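0 is the number of the first residue of the sequence shown in numbering that gives the first Met the number 0; add one for each residue after it. Note sheet for the following structure.
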Amino acid sequence: MNIRQLEYFYEIVNSGSFSKAAEKLFVAQPAISMSIKQLEEEIGIQLINRLNKGISLTPEGGRIFYHAEKILADMDSLQNEIDDLKGVKTGTIHIGIPEMLGNYYFSLILAEFKQQYPAIKMVIESEPSNSIKAKIASGDIDLGIISTDNISSEYDSHFLFNEEILIGLSIDNPLSKKQSLTLNDIQNEDFLLFGKGNYHLRELLLNLMESSGIEPNIVFESNLTETIKSLTANNIGISAFLKKVIENDKEIVSTKLEPRLFTSIGIAWKKGSYISKANKLFIEFLNKKMGQTKN
């Protein structure tokens with residue numbers, strides 16, 4: 000048994016087939032098939048059921064997969080520690096950022112970090128918040144920039160800043176003339192909301208309305224910020240946005256909600272996981288830059 004065999008086995012299970020694993024690993028499929036066959040013969044256990052469409056794990060394979068995942072994670076951590084001991088400012092940062100946060104809050108900061116640390120590779124995944132948290136928990140990504148309100152105990156996190164949630168309306172909407180809006184003002188409006196699990200601001204708004212006995216009329220849902228903004232500007236409905244997303248928009252009026260809504264934005268990682276030097280540098284850089292931006 001060797002590390003490469005475990006890597007092949009891990010990727011086959013994650014990909015759901017030998018062919019997809021081969022594509023992702025840039026290895027010929029026969030080589031992967033032979034490697035897994037040799038592994039099964041060596042340990043005397045069938046790990047994978049070969050099906051007409053894809054694969055499935057045998058019960059024994061499931062137990063081996065659990066240990067393989069831990070071994071590979073430990074190998075990654077070991078390599079990170081070796082790099083840190085050598086004092087080399089290299090490595091890879093694998094981070095998840097929701098589209099709205101990435102585009103409006105962090106794009107310039109990410110560019111500055113890359114300029115300052117050109118030897119550090121950055122892999123950025125634009126995912127809904129719930130997907131980011133799931134990938135942190137599984138070890139698929141190192142860090143996530145997300146709303147950290149009521150974040151569960153399986154994560155560690157570092158607070159970056161608070162941001163207000165505003166109601167966005169078309170300039171043609173009669174409510175756009177008001178300085179602030181109450182829940183009663185907006186209860187009969189059509190709502191354009193981000194998809195479930197995409198942004199915490201959706202849950203904050205819906206929970207606030209529900210606590211007041213108001214059921215919003217949701218006419219459109221999307222995970223794309225620009226789509227929601229365009230529909231809002233065209234007076235198809237109203238929506239909730241992070242302040243910076245709409246505060247300077249010429250076609251959308253940004254209005255405070257009463258009671259006012261805020262969310263905490265932070266950077267999160269798996270509780271108890273090893274934080275590489277590259278990741279520590281990024282967290283420190285991010286904290287410094289966001290402090291300068293928000294002050």
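By construction, the Cβ of each residue, glycine as well, lies at the ideal position given by its N, Cα and C atoms. Here the structure is a predicted model, which is why all the values come from computation and not from measurement.
| Asked | Found |
| --- | --- |
| Residue interval of the alpha helix (DSSP H) (run including Phe-193) | Taken as a continuous stretch (DSSP letters only), Phe-193 belongs to no alpha helix (DSSP H), being part of the beta strand (DSSP E) at 189-193. |
| C-beta atoms of Ala-136 and Glu-124 nearer than 7 Å | no |
| Beta strand (DSSP E) segment containing Val-218, residue limits | 216-221 |
| Residues bridged to His-66 [DSSP beta-bridge criterion] | His-66 pairs with nothing; no bridge assigned. |
| Contact set for Lys-288: own chain, Cβ-Cβ below 6 Å, skip 5 residues either direction | Ile-108 |
| Other residues of its chain near Ala-277: CB distance less than 6 Å, five sequence neighbours each side excluded | Gly-90, Ile-92, Ile-119 |
| Contacting residues, own chain, Cβ-Cβ under 8 Å from Ala-72 (five flanking each side not counted) | Gly-138 |
| Where Asn-294 sits in the DSSP three-state scheme | Caution is warranted here: a pLDDT of 42 is assigned to Asn-294, below 50, making its placement in the model unreliable, and no coordinate value can be reported. |
| Inter-residue CB distance, Asp-189 and Ile-235 (contact presumed, cutoff 8 Å) | 7 Å |
| Top-ranked residue by Cα proximity to Gly-271, from Ser-175, Ser-76, Gly-101, Asn-129 | Ser-76 |
| For Glu-307: DSSP bridge partner residues | The first residue shown for the chain is 0 and the last is 294, placing residue 307 beyond what the model contains. |
| Test item: CB-CB of Ser-175 and Glu-257 under 7 Å | no |
| Integer-rounded CB distance, given that Ala-232 should sit under 8 Å from Leu-200 | At roughly 18 Å, the Cβ-Cβ gap does not stay under 8 Å, so Leu-200 and Ala-232 are not in contact. |
| C-alpha distance - Ser-253 paired with Ser-151, whole-angstrom precision | 31 Å |
| CB-CB length for Met-74 against Ile-42, believed under 8 Å | Not a contact, Cβ separation roughly 19 Å. |
| Straight-line Cα distance separating Thr-57 from Glu-39 | 12 Å |
| Sub-7 Å separation of Glu-98 and Thr-224 beta-carbons | yes |
| As assigned by DSSP and simplified to three states, the class of Ser-55 | strand |
| Beta-carbon proximity of Leu-191 to Leu-230, cut-off 7 Å | yes |
| Residues near Thr-181 in its chain [Cβ-Cβ closer than 6 Å; skip 5 each side] | Glu-257 |
| Where Met-121 sits in the DSSP three-state scheme | strand |
| Test item: CB-CB of Gly-167 and Ile-70 under 7 Å | no |
| Distance, Tyr-65 Cα to Lys-177 Cα | 57 Å |
| For Phe-284 and Phe-116, the rounded distance between their alpha carbons | A small fix is needed here, since residue 116 is Tyr in this sequence, not Phe. For Tyr-116 and Phe-284, the distance between alpha carbons rounds to 11 Å. |
| Top-ranked residue by Cα proximity to Ile-217, from Leu-165, Lys-243, Asn-187 | Asn-187 |
| Minimum C-alpha distance to Leu-280 - residue among Arg-49, Leu-142, Ile-213 | Leu-142 |
| Pairwise C-alpha distance: Phe-261 and Gly-212 | 21 Å |
| Residue environment, Leu-50, which counts as buried when at least 16 other CB atoms sit within 10 Å | exposed |
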